[in-house]
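Worksheet: one structure, shown below.
Protein chains: 2
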Amino acid sequence: MREALAWAATGRGEVHELFVTTVAATRNPDVVRAAVDAGVRVSGVTDKAAAALSETVTPQGVVAVCSPVDVPPAEALVPGVRLVAVLHGVADPGNAGTVVRVADAAGADAVVFAGDTVDPHNGKCVRASTGSVFHLPITRVRDAAEAFDGLRSAGLRLVAADGHAPEDLVTADLRGDLAAPTAWVFGSEAHGLPDDVVASLDASLKVPIYGGAESLNLATAAAVCLYASARAQRA
Amino acid sequence: MREALAWAATGRGEVHELFVTTVAATRNPDVVRAAVDAGVRVSGVTDKAAAALSETVTPQGVVAVCSPVDVPPAEALVPGVRLVAVLHGVADPGNAGTVVRVADAAGADAVVFAGDTVDPHNGKCVRASTGSVFHLPITRVRDAAEAFDGLRSAGLRLVAADGHAPEDLVTADLRGDLAAPTAWVFGSEAHGLPDDVVASLDASLKVPIYGGAESLNLATAAAVCLYASARAQRA
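Going down the list, the protein sequences come from chains A and B.
Residue 67 in my numbering is what sits at position 67 of the first sequence, and the numbering runs on without skipping anything.
If you want my numbering, it's the 1-based position in the second sequence plus 1000.
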């Protein structure tokens, strides 16, 4: 909630209205005050209404109605971007939101929701991002090829995170590859990236598996990939 | 299922019985054959029974009854161990299982379930580990101080993963600290590690946050920490 208000304060979006239960208003007087100070209309609601509005079984009792968080690709992929996370065909909103959180933590400049990826405004995605959807530019591009063109035009090297890639990211990093401006492309948890997508990118790398596990899940793989780039770019 | 049978084949545990639905047996004839070949009793069950046995809403139709996967601390923490993940007070079984999967992928030698951490045999934990509970030694130690003593005796440096630590793991890695035999200690998603636990360990490190996120979730933080050590130890 604080993140939404801070985001609106920068002029990048708007909080239209805040719905709050009596209990939540008592617990979070600072949030209500900040909303009022920002000129946001605050309305009291019942617990039942808050639950219905927040589409969750354990609502926090505060619901903000915001303008969409996504921006046009040209606004997100400005010249000078160094690290971008691209989700391709990620259907699970919790996974998508967790990757947004990881990308934000790793200092990524933007997250691209490409192809048939879930809507970033899905409630589970917003919650899993723990406010990060308000921190960095989110852009949606239905046509993945168009997204890749935009990323290349912004000077980014497109790297598929692919568990079946012959090379791992440590090897690539030792060669200096990860220091380049990079867009990491992540596929769905269930199927990974389609072969033709991998083939259309500039490189594909796997997270090395040193033990008996077959793979990592999407969010943990994204964490290792994005942090490897973030570190290499800052070295 | 294959992991359970492979685990039993090494003599580290036993698969007592396999319950399988008709549909699942048709889909996975190799699993049924492997079980029969291994001398495991295979029993047909209804979909309803399989659902009840597996305690999940989307059962796969195959349920194995296994001996416990956990081993005594002395068996898990043998001299020469280099990388261990320790869960302290982690209540969420899905998070615990995901960390087991990450630890396995990063080549950790063992996972310690310490203090009030969830039971590793919890169905959600086993499922989230995607078979990894069968790949590396899991040990449970109720008394966290006792667990830490055992880890130190095995020659491990105890490092708290603590979002509030003054130093980050990149700084420590550049100094060479992560190449040492290390036990990473992870706290609960909700509260992290208690201050007295952090104070009782040899060091505390945070994952650097380069962007606007407040923190990482448990599994993604564990991925960054464990992979940083795995890489440093192999460099």
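Backbone N, C-alpha and C define an ideal beta-carbon position, used for all residues, glycine too.
- A direct Cα-Cα distance of roughly 42 Å separates V1042 (chain B) from L87 (chain A).
- Using a CB distance cut-off of 8 Å, A190 (chain A) does not count as an interface residue toward chain B.
- Against chain A, the CB of A1108 (chain B) has a partner CB under 8 Å away; the residue lies at that interface.
- Listed in chain order, the non-local C-beta contacts of D47 (chain A) below 8 Å within the same chain comprise T21, V23, P59 and G61, local neighbours out to five positions each way being set aside.
- For N217 (chain A), the nearest beta carbon of chain B is closer than 8 Å to its own beta carbon.
- Interface annotation, I138 (chain A): not in contact with chain B, CB-CB separation never under 8 Å.
- Between R142 (chain A) and V185 (chain A), the alpha-carbon positions lie close to 15 Å from each other.
- Rounded to whole angstroms, the Cβ separation of V1081 (chain B) and D1109 (chain B) is 4 Å, and the two are in contact under 8 Å.
- Identification of residues in the segment 1065 to 1080 of chain B having a C-beta nearer than 7 Å to some C-beta of chain A yields an empty set.
- Beta-bridge partners assigned by DSSP to A110 (chain A): A:V84.
- The beta-carbon of H135 (chain A) is placed less than 8 Å from the nearest beta-carbon of chain B.
- Counting along the chain, no beta strand (DSSP E) covers G1094 (chain B); the unbroken alpha helix (DSSP H) around it starts and ends at P1093 to A1105.
- Sorting B:E1003, B:L1216 and B:E1075 by C-alpha distance to the C-alpha of E1189 (chain B) places B:L1216 at the top.
- Residue contact with chain B for G211 (chain A): present (Cβ-Cβ distance below 8 Å to some residue of chain B).
- Of all residues in the segment 89 to 121 of chain A, only T98, R101, V102, A103, D104, A105, A106, G107 and A108 come within less than 8 Å of chain B when Cβ atoms are compared, listed by chain position.
- In the three-state scheme derived from DSSP, where H, G and I count as helix and E and B as strand, G1150 (chain B) is classed as helix.
- Fully contained in the segment 185 to 220 of chain A are the following beta strand (DSSP E) runs of length 3 or more, in chain order: 203 to 205.
- When rounded, the separation of the alpha-carbon atoms in R1012 (chain B) and P1068 (chain B) is 10 Å.
- Counted as a single uninterrupted DSSP element, the beta strand (DSSP E) harbouring R140 (chain A) occupies residues I138 to V141.
- DSSP places S1054 (chain B) in no beta strand (DSSP E) but in the uninterrupted alpha helix (DSSP H) bounded by D1047 to S1054.
- Put simply, the CB of A165 (chain A) is far from chain B, with every gap to its CB atoms at 8 Å or more.
- Only buried fits G1089 (chain B), as 16 or more other CB atoms lie within 10 angstroms of its CB.
- Taking 8 Å as the cut-off, the beta carbon of Y1227 (chain B) is found no closer than this to the beta carbon of A230 (chain A).
- Nearest to D195 (chain A) by C-alpha distance, out of A:A160, A:H121, A:L5 and A:A154, is A:A160.
- Interface annotation, S132 (chain A): in contact with chain B, CB-CB separation under 8 Å.
- T1220 (chain B) belongs to the set of residues whose beta carbon lies under 8 Å from a beta carbon in chain A.
- For D116 (chain A), the secondary structure class from DSSP, reduced to helix, strand or coil, is coil.
- 8 Å or more divides the Cβ of A219 (chain A) from the Cβ of V207 (chain A).
- According to DSSP, T1182 (chain B) shares a beta bridge with B:L1083 and B:R1157.
- Closer than 8 Å to the CB of R1175 (chain B) there is not a single CB belonging to chain A.
- Sequence-distant partners of D70 (chain A) (beyond 5 residues in either direction) whose C-beta falls short of 7 Å from its own C-beta, in its chain, are P120, I138, T139 and R140.
- Residue pairing from DSSP places A64 (chain A) in a beta bridge opposite A:L18.
- Looking at the DSSP output, G1044 (chain B) sits in a beta bridge with B:V1020.
- Here D1168 (chain B) is bridged, per DSSP, to B:K1206.
- Looking at the DSSP output, D1070 (chain B) sits in a beta bridge with B:I1138.
- When the five nearest sequence neighbours on each side are left out, the beta carbons in the same chain lying within less than 6 Å of the beta carbon of T130 (chain A) are those of R101, in order along the chain.
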